[in-house]
Amino acid sequence: MTQHDRYEQVIRHFEATMPEAGPELHYGSAFQLLVAVMLSAQCTDKRVNQVTPALFAAYPDAAALAQATPTEVLHYISSVSYPNSKSSHLVAMAQQLMEQHGGEVPSEAEALEALPGVGRKTANVVRAVAFDQPAMPVDTHVFRVANRIGLTHNSKTPLQTERTLLRHIPTDKITRAHHWLILHGRYVCTARTPHCANCGLCDCCAYFGQRAAHAARQQAKTTRSKTQ
C-alpha cells in the first residue's frame with residue numbers, strides 16, 4: 243500500500259465513523275479553552291472537566307484571572323497534575339494577555355507560544371479549535387497512532403510528526419484529523435494494548451500488518467516442527 247492510499251483510506255474511515263469529532267474539554271470561550279488545555283498537560287480531560295466549572299465561575303476571563311494569586315488559583319486546581327506550576331502559569335498567562343493583548347487570546351502561533359506555560363502543542367490546539375486554523379497539535383496519542391498506522395515512519399519528535407501529517411492531510415480536514423487521531427488513540431489504539439479487534443483500520447495499519455505477518459511466521463514454524 244502506498245502512503246497516499248493509506249492516508250486516503252484512513253481519512254475515509256474517520257469521516258464515516260467520526261464525522262463530528264471534536265474536543266472533549268469543556269469551555270465557553272477561547273480564553274477558557276486555553277486555560278483547559280494548559281491544565282490538560284499530563285492530565286486527563288476528565289479530570290480537567292471536573293475542576294474547570296468552579297475555576298471558570300471564579301475566573302471567567304483574563305481580567306478576572308489576572309487579579310488572582312497562584313495560591314488562590316491552586317485552591318481550584320489542586321487535583322490536576324503539577325498544580326503549583328500550572329497555577330503560576332495561569333496567572334502569568336492572564337496578566338500577559340491583559341498587558342499585551344487587551345485581555346483577548348491571540349490567534350497567531352508566535353504570540354500564543356510567547357505566553358507563560360504555553361508550548362507548541364497548546365498553541366496549536368487553540369489555533370485549531372478556537373480559530374479554526376489548519377494546525378496539527380501532536381500529543382502522545384497523535385504521535386503514537388500516526389506511527390503505528392504508518393502515517394509517519396519512525397518519527398522521532400512531535401514536530402516531525404506534525405510536519406508529515408500537515409504535508410499529507412488536506413488542509414480542510416486537518417483540524418478534524420487532529421481529533422480523529424486523539425480519539426482513536428484514547429479509545430481504540432491505546433498505548434499498552436491496542437484493541438485491534440475493534441478497529442476498522444486493520445486493512446491499512448502497518449502495525450497490524452506486522453503483527454499478522456509475525457503470527458503467520460510463528461504458525462508456519464509450529465506447523466513445520468509438528469511435521470518433522
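Residues in the sequence shown are numbered consecutively from 243, following the working numbering.
C-beta atoms are modelled at their ideal positions from N, C-alpha and C, and glycine is treated no differently.
Please read all numbers here as calculations on a predicted model, not as lab measurements.
Tell me whether Asp-247 is buried or exposed, calling it buried when 16 or more other Cβ atoms sit within 10 Å of its Cβ.
exposed
With DSSP run on the structure shown, which of helix, strand or coil describes His-437?
coil
Contact belief for Phe-273 with Val-322 at Cβ below 8 Å, rounded distance in angstroms:
No, Phe-273 and Val-322 are not in contact; Cβ-Cβ is about 18 Å, not under 8 Å.
Quick check: Asn-389 and Thr-399, are their CB atoms within less than 9 Å of each other?
no
Reduced DSSP category for Glu-346 - H, G, I as helix; E, B as strand; rest coil
Looking at Glu-346 - three-state DSSP - the assignment turns out to be coil, as it is neither helix nor strand.
Check whether the stretch 441-453 and the stretch 381-397 are in contact - that is, three or more C-beta pairs closer than 8 Å.
yes
If we count the other Cβ atoms within 10 Å of its Cβ and call it buried at 16 or more, is Asp-381 buried or exposed?
buried
Short of 7 Å in beta carbon distance, which residues of its chain neighbour Gln-338, apart from the five on each side in sequence? Order them along the chain.
Leu-357 and Pro-358
Residues in its own chain within less than 6 Å of Ala-334 by CB, not counting five upstream and five downstream?
Pro-358
Quick check: the Cα distance between Pro-261 and Asp-287, rounded to an integer number of angstroms?
Approximately 21 Å, taken between the alpha carbons.
Spatially closest choice to His-255 from His-426, Glu-355, Gly-451 and His-317, by CA coordinates
His-426
Assigned exposure category for Arg-434 - 16 Cβ within 10 Å defines buried
exposed
Secondary structure, alpha helix (DSSP H): runs of 4+ residues fully inside the stretch 301-380:
List check, alpha helix (DSSP H) in window: 304-308, 312-319, 325-343, 351-355 and 362-373.
Tell whether a beta-carbon distance below 9 Å holds between Ala-305 and Gly-345.
yes
Could you name the residues of the same chain whose beta carbon sits closer than 8 Å to that of Tyr-417, not counting the 5 residues immediately before and after it, in chain order?
Contrary to the premise, residue 417 reads as Thr rather than Tyr in this sequence. Correct list, in chain order: Ala-370, Val-371, Asp-374, Gln-375, Pro-376 and Ala-377.
Name the two residues that bound the continuous alpha helix (DSSP H) containing Asn-389.
Where Asn-389 is concerned, the enclosing alpha helix (DSSP H) stretches over 382-391.
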